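Undergrad:
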Amino acid sequence: MSYRNAFQQARQQPEVFWAEQARNVAWYQPPTRILETLDDGTHRWFGDGRLNTCHLALDHQVEQGRGEQDALIFDSPVTGIRQRFTYNQLLARVAELAGALTRLGVGAGDGVVIYMPMVPEAAMAMLACARIGAVHSVVFGGFAANELAVRIDDAQPKVILTASCGIEIDRVIEYPPLVHGALQQCRHPVDQVLVLQRENAPADLARFGFLDWEETVTGSEPAPPVALNATDPLYIMYTSGTTGKPKGIVRDHGGHAVALLYALRNVYGMEAGEIWWGCSDVGWVVGHSFIVYAPLLGGCTTVMFEGKPVKTPDAGAYWRLVEEYGINGLFAAPTAFRAMRKEDPEGRLFQRYRIDTLKHLFVAGEKLDTPTYQWLSDLTGRPVYDHWWQTETGWPVTAPCAGLGEREVRNGSTNRAVPGYLVEVLGEDGQPLPPNQEGDIVLRLPLPPGCAQTLWNDHPRYLESYLRTYPGYYHTGDGGYLDEDGFVHIMGRTDDVINVAGHRLSTGIMEEHIATHSAVAESAVVGRHDELRGEVPLGLVVLKDGVAQSSQQVEQELIALIRHQVGAVACFRRALIVPRLPKTRSGKTLRAALRKMVNGKDFPLPPTIDDPAILNEISDVLIREGEVARPGQVL
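Per full-length UniProt numbering, residue 1 is the first one in the sequence shown, and the count goes up by one each step.
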């Protein structure tokens, strides 16, 4: 089926289209109810189907004769460890871990929090939970203890799976103290914590009362896969919300399996037996969808990498993996390639390796700038495909569908909608806007399979956050426009969520932490463009009267505070002291104006501003501190 035919059928006959895609999945009980619309405007896909995601990813692949094919390749330049696991071996390890979890009292519907580095056991933990119907929630290992505590309280796990440490370029991060700190802060009790001991920093388990992973798991009776309803939850993925409280995105088993298998084949053009590398972390949605689940559901070999695009050992690391493992498809954030370009602008390190096996490169997670696109395209001689999706959707919304032969790209665009999605742009009045006019990016309902239809323990918040703003549409929170040929151009978030190196972080929660400092009266944190990371947070801080500390001392304390409370991933490195913040007459801070100002974009004078003179005062601070050569000015 061509892209255009697939797009039209998915738009006009979604039940017929997705029923056909569902036939590619090995169901225990194939669904007969394909699509149901619920009273609250959400939808249910494959409601009477029964399956098991782990069975599809492992047992079924062995049944298809792929038992001795590599399922997972692990490459860790920070430790020097390289491992390969066949489908047979991965199945045995996962079934054993699932058996251990069962013995610890974990069953279908129970929660398990996974707080681990990029090691094979993290993927095994996810699959083991799926095998017994437990709902896993992977928390990125760089998050601080209080952020972990919030997620523990929401997910209410029976067990936490972690490791003795995570390894960065310049340091080793010990996880057990962070987990222990989180358990002291949270309200929900967790009695069982399994720790994978790593040679780089073994943990004193007796100190915390934690269990040794190997001792607990080895020799456990392998657990069989449990037949689950298609609508049963597979995992919770927390993403930043505008309130500062993380939103627990829920993914179900059935729609997730159908959608990811469709995307792997038709968007990324990958076939069984080929080798795929999703350059991300299992703490993010890319790690769920396109490191662990999709490649294995499609019978591919997936690569896990514990390292960075540079300094492990150099900017040729990605190309070394492509050559060494014969990688056919690769997906990374633009940040990775910007870092490589900075370290190796002439491509001298690239020239050491052959990438003959590589068909194409996909990038997503943040805006792909033209210089990086051109450098990557010229350097590799391979198609470079920008595409766009969200934690909430779980798989691409817009992309060139390489598997459908649709490879037309447009620079500056994330390209056209993938079959199953209908992307529109609405104005403030909720009416569709003409081509090339910027507004709110929305998706017409129903959302296709695999997209979240609720939040964990908070369905009203899901309805309010995504469906209430524009009835009949899912509100993405992104702004942009469609051109006359249907290519989607994403211009950025319309809320307080910023994208730091592909990581969505709430500026609102950073402001809450800053407010705890004794010297701070109020603050505004906005995203500032960064050549390497896409965006970084910039704090504008008003001090209380009579503060004795210097501005420099307050700034350093606030940087340390955010690092401790949010984590190094926030890249919070500037907190500028300003005399006051621009407000509306009703007292709201004019963050949209501040965002434009710190990014050098001119803007109209907000009609509701209480005192326009404050904009000049802040502009003077930005110039004096060297943050921008020319702040945005009032038009």
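Every residue, glycine too, gets a C-beta built ideally from N, C-alpha and C.
Bear in mind the structure is a predicted one, so any value in this text is a computation, not a measurement.
(1) With burial defined as no fewer than 16 other Cβ atoms inside 10 Å of the residue's Cβ, what is the status of Met1: buried or exposed?
(2) Which stretch, first to last residue, makes up the alpha helix (DSSP H) that contains Ser551?
(3) Under 8 Å by Cβ, that's how I've got Val554 and Gly539 pegged, so tell me the actual separation to the nearest angstrom.
(4) CB residue 641 to CB Ala570, shorter than 9 Å?
(5) Which value, in whole angstroms, describes the spacing of the CA atoms of Asp602 and Thr370?
(6) Terminal residues of the continuous beta strand (DSSP E) containing Phe85?
(7) Between Asn229 and the rest of its own chain, which residues show a CB-CB distance below 7 Å, the 5 nearest in sequence each way excluded?
(8) Roughly how many whole angstroms lie between the Cα atoms of Asp110 and Leu590?
(9) Give the secondary structure of Ile609 by DSSP, where H, G and I count as helix, E and B as strand, and everything else as coil.
(10) If we ignore side chains and look at the alpha-carbon of each, how far apart do Ala452 and Ile114 end up?
(11) Given this structure, state the Cα-to-Cα distance separating Leu368 from Val310, to the nearest angstrom.
(12) Specify the secondary structure class of Gln431 as computed by DSSP and reduced to three states.
(13) DSSP has Pro448 in a bridge; who is on the other side?
(14) Can you tell me the Cα-Cα spacing of Phe362 and Met340, whole angstroms?
(15) Would you report the Cα separation of Trp27 and Gly248, rounded to the nearest angstrom?
(16) Residues in its own chain within less than 6 Å of Val322 by CB, not counting five upstream and five downstream?
(17) Just how far apart, CA to CA, sit Arg528 and Gly316?
(18) What number of angstroms, rounded off, separates the C-alpha of Ser551 from the C-alpha of Glu366?
(19) How do the stretch 133–151 and the stretch 175–182 stand: do at least 3 beta-carbon pairs fall below 8 Å, yes or no?
(20) Just to confirm, is the Cβ distance from Met491 to Asp483 under 9 Å?
(21) Does the Cβ-Cβ distance between residue 686 and Ile577 come in under 9 Å?
(22) Here's the rule I'm using: 16 or more other beta-carbon atoms within 10 Å means buried, otherwise exposed. How should Gln156 be labelled?
(23) Which of the three DSSP states, helix, strand or coil, is assigned to Ala575?
(24) Which residue marks the beginning of the alpha helix (DSSP H) containing Glu324, and which one marks its end?
(25) Could you check where the alpha helix (DSSP H) with Cys129 kicks off and where it finishes?
(26) Taking only runs that begin and end inside the stretch 217–288, name each unbroken alpha helix (DSSP H) of 4 or more residues, in chain order.
(27) Excluding sequence positions up to five away, which residues of its chain have a Cβ less than 8 Å from the Cβ of Gly326?
(28) Between Val258, Pro471 and Trp388, which has its C-alpha nearest Asn24's C-alpha?
(29) Where does Phe210 sit, in a helix, a strand or coil, going by DSSP?
(30) Which two residues bound the contiguous alpha helix (DSSP H) that contains Met340?
(31) Since I believe Val418 is in contact with Tyr385 (beta carbons under 8 Å), could you give me their beta-carbon distance rounded to a whole number of angstroms?
(32) Rounded to the nearest angstrom, what separates Ala548 and Thr516 at their Cα positions?
TA: With the structure as the only source:
(1) It is exposed - the Cβ of Met1 has fewer than 16 other Cβ atoms within 10 Å.
(2) Where Ser551 is concerned, the enclosing alpha helix (DSSP H) stretches over Ser551 to Gln565.
(3) With a beta-carbon spacing of about 10 Å, Val554 and Gly539 fall beyond the 8 Å limit used to define contacts.
(4) One cannot answer for residue 641 here, as it falls past the ends of the chain, which runs 1 to 635.
(5) Using only the alpha carbons, I get a separation of about 22 Å.
(6) Its beta strand (DSSP E) spans residues Ile81 to Thr86.
(7) Taken in chain order, the residues that qualify are Arg50.
(8) Cα to Cα, Asp110 sits roughly 43 Å from Leu590.
(9) If DSSP states are grouped into helix, strand and coil, Ile609 belongs with the strands.
(10) Ala452 and Ile114 have their C-alpha atoms roughly 20 Å apart.
(11) Pairing Leu368 with Val310, the inter-Cα distance amounts to about 19 Å.
(12) Residue state for Gln431 is assigned as coil, using DSSP reduced to three classes.
(13) According to DSSP, which records beta bridges pairwise, Pro448 is partnered with nothing at all.
(14) Answer to the nearest angstrom: the Cα atoms are 16 Å apart.
(15) If you draw a straight line from the Cα of Trp27 to the Cα of Gly248, it is about 27 Å long.
(16) Result list for Val322: Ile355 and Leu358, in chain order.
(17) Answer to the nearest angstrom: the Cα atoms are 29 Å apart.
(18) The alpha-carbon atoms of Ser551 and Glu366 are separated by roughly 33 Å.
(19) Verdict: yes, contact present.
(20) Going by C-beta atoms, Met491 is not nearer than 9 Å to Asp483.
(21) Since the first residue of the chain shown is 1 and the last is 635, residue 686 is not available in this structure.
(22) Of the residues assessed, Gln156 falls on the buried side of the cut-off, its CB having 16 or more other CB atoms within 10 angstroms.
(23) Residue state, collapsed to three classes: strand.
(24) Note, Glu324: alpha helix (DSSP H), Ala317 to Tyr325.
(25) From DSSP, the alpha helix (DSSP H) with Cys129 extends over Pro120 to Ile132.
(26) Considered as a whole, the stretch 217–288 harbours 253–266 as its complete alpha helix (DSSP H) runs of no fewer than 4 residues, in chain order.
(27) Same-chain partners within the cutoff: Ile275 and Thr357.
(28) Here the closest residue by C-alpha is Val258.
(29) Shown here, Phe210 sits in coil according to DSSP, grouped into three states, outside any helix or strand.
(30) Where Met340 is concerned, the enclosing alpha helix (DSSP H) starts and stops at Pro334 to Glu343.
(31) With a Cβ gap of about 12 Å, Tyr385 and Val418 do not count as contacting.
(32) The C-alpha of Thr516 is placed about 17 Å away from the C-alpha of Ala548.
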